[in-house]
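In the numbering used here, the protein residues as written are 24 to 331.
Ideal Cβ positions, reconstructed from N, Cα and C, are used throughout, including at glycine.
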Amino acid sequence: MIETIIAGLPGTLAQGIIYGIMALGVYITFKLLNFADLSVDGSFSTGGIVAAMVILSGKSWVLALVLAFIAGAAAGLITGVLHTTFGIPDILAGILTQLALYSINLRISNAQSSVPISVDKYDLAVSLRYQNDALITVAIIAVAIIAVMYAFFGTEMGSALRATGTNPAMAKAQGININIMKTIGLVISNALVAFAGALYAQFNGQANVNNGRGAIVIGLAAIIIGEVICNVIFRKKINFAILLVFVVLGGVLYYIFMDLVLKLKLNTNDLKLFTALIVAIFLAVPYLKGKANSSFRKAAREGGRRHA
24 MIETIIAGLP
34 GTLAQGIIYG
44 IMALGVYITF
54 KLLNFADLSV
64 DGSFSTGGIV
74 AAMVILSGKS
84 WVLALVLAFI
94 AGAAAGLITG
104 VLHTTFGIPD
114 ILAGILTQLA
124 LYSINLRISN
134 AQSSVPISVD
144 KYDLAVSLRY
154 QNDALITVAI
164 IAVAIIAVMY
174 AFFGTEMGSA
184 LRATGTNPAM
194 AKAQGININI
204 MKTIGLVISN
214 ALVAFAGALY
224 AQFNGQANVN
234 NGRGAIVIGL
244 AAIIIGEVIC
254 NVIFRKKINF
264 AILLVFVVLG
274 GVLYYIFMDL
284 VLKLKLNTND
294 LKLFTALIVA
304 IFLAVPYLKG
314 KANSSFRKAA
324 REGGRRHA
């Protein structure tokens, strides 16, 4: 049992990092923009389907990743337009895009719900068969994405985007077009999610229109796990780049836990339940910790008054 887990560890870590890359996209909307974007379930599948069809056409995996990134950006643009131009609430705009993408993905795949891309026939960026190489590749990609994100969000536009999420009214008063900032954030977010979907499809040797189902929950789980651990280790001295690293680490830890559940041969029907429990626990930890600290401070103040 232990030997099996150790042997498959590189593949598990690689899969977790791919989830972590997806979580970086989700982080932009949910944490920086404060935008509940549910379209990522669709754009994750779109990235995988687009990449698979490009590779099947005889093109390189590099082009496949680029086109998947662009397709995800287009999905984010649709959500942004629905929300900012037509006034549709953020959650509903994401749901509409997600719903439309299911049919679009089937059209892209020529009505195939699953598109196999075997590493025996095609040159892929990553593959489960070559776990060590895959781990190195996705780790390098993740580091590069974090570096680019850190640089971008330090620019004037990146700062404007973060200000839009923090305080839209103040950002608007400062002359920032918050609708454009929201749209840009959605474009970048869904582009990253689709990019992760393209890596996921190649890693597993097949793209499926249902691969993105539950992607938003996985992304949130990774973000929450990463943030809690980061806060425990660094407390308030958290650099933005370090936080992004821990978001990816959260994806890795999430998948390690899920893989352990599978290795223990627990009922796979309970995976969604385990995911919900993980998210609930890590959401509750900061709240309960803050409540406990508040209680201690209150008790200390009351004790001080009695002593006085």
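Whole-angstrom C-beta distance between residue j and residue i, which should lie under 8 Å
i    : j    : result
F297 : F92  : Contact doesn't hold; Cβ gap of about 31 Å is too wide.
A37  : Q154 : 6 Å
A194 : A183 : 7 Å
Alpha helix (DSSP H) segment containing residue i, residue limits
i    : result
S66  : 63-79
A46  : 32-50
V268 : 263-286
P344 : The displayed coordinates of the chain run from 24 to 331. Any statement about residue 344 would go beyond what the structure contains.
R185 : 179-189
D156 : 154-175
N128 : 113-131
L86  : 84-107
V255 : 238-257
Within-8 Å CB hit, residue i to chain B
i    : result
L115 : No chain B is present in this structure, which holds just one protein chain.
Nearest residue (CA-CA) to residue i, options the options
i    : options                : result
T187 : N202, F175, G177       : N202
L61  : I252, F263, A238       : A238
G103 : L222, M204, F257       : M204
L55  : Q225, I207, L294       : I207
P33  : F226, S182, D293       : F226
D146 : S80, R185, L287, L90   : S80
A264 : F176, P309, P191, A87  : F176
M180 : T189, I199, L90        : I199
K144 : A30, L311, L158, W84   : W84
R236 : Y310, L158, I118       : I118
A30  : K286, N292, Y310, T291 : K286
G313 : I163, I261, V255       : V255
G228 : A123, A157, N262, L90  : A157
Cβ pair residue i, residue j closer than 8 Å
i    : j    : result
H278 : T35  : Note that residue 278 is Tyr in the sequence shown, not His. Yes, they are a contact pair.
F58  : D113 : yes
G332 : V216 : Shown here, the chain extends from 24 to 331; a query on residue 332 therefore has no answer.
A315 : A224 : no
S132 : I78  : no
T120 : A94  : no
Y50  : I241 : no
L172 : L267 : The displayed chain sequence assigns Met, not Leu, to residue 172. Yes, the Cβ-Cβ distance between M172 and L267 is below 8 Å.
L306 : A221 : no
L294 : V284 : yes
V232 : S141 : no
V161 : M76  : no
Run of the beta strand (DSSP E) containing residue i, from where it starts to where it stops
i    : result
N231 : 229-231
Validate contact between the stretch 242-257 and the stretch 298-308 using beta carbons, cut 8 Å, 3 pairs: yes
Given 8 Å, three or more beta-carbon pairs between the stretch 59-75 and the stretch 117-131: yes
Segment contact, 8 Å Cβ cut-off, at least three pairs: the stretch 94-103 with the stretch 205-220: yes
Three CB pairs or more closer than 8 Å across the stretch 43-55 and the stretch 259-278: yes
Segment contact flag, the stretch 248-268 with the stretch 149-160, C-beta cutoff 8 Å, min 3 pairs: no
Stretch-stretch touch, CB-based, cutoff 8 Å, three pairs: the stretch 158-176 with the stretch 107-116: no
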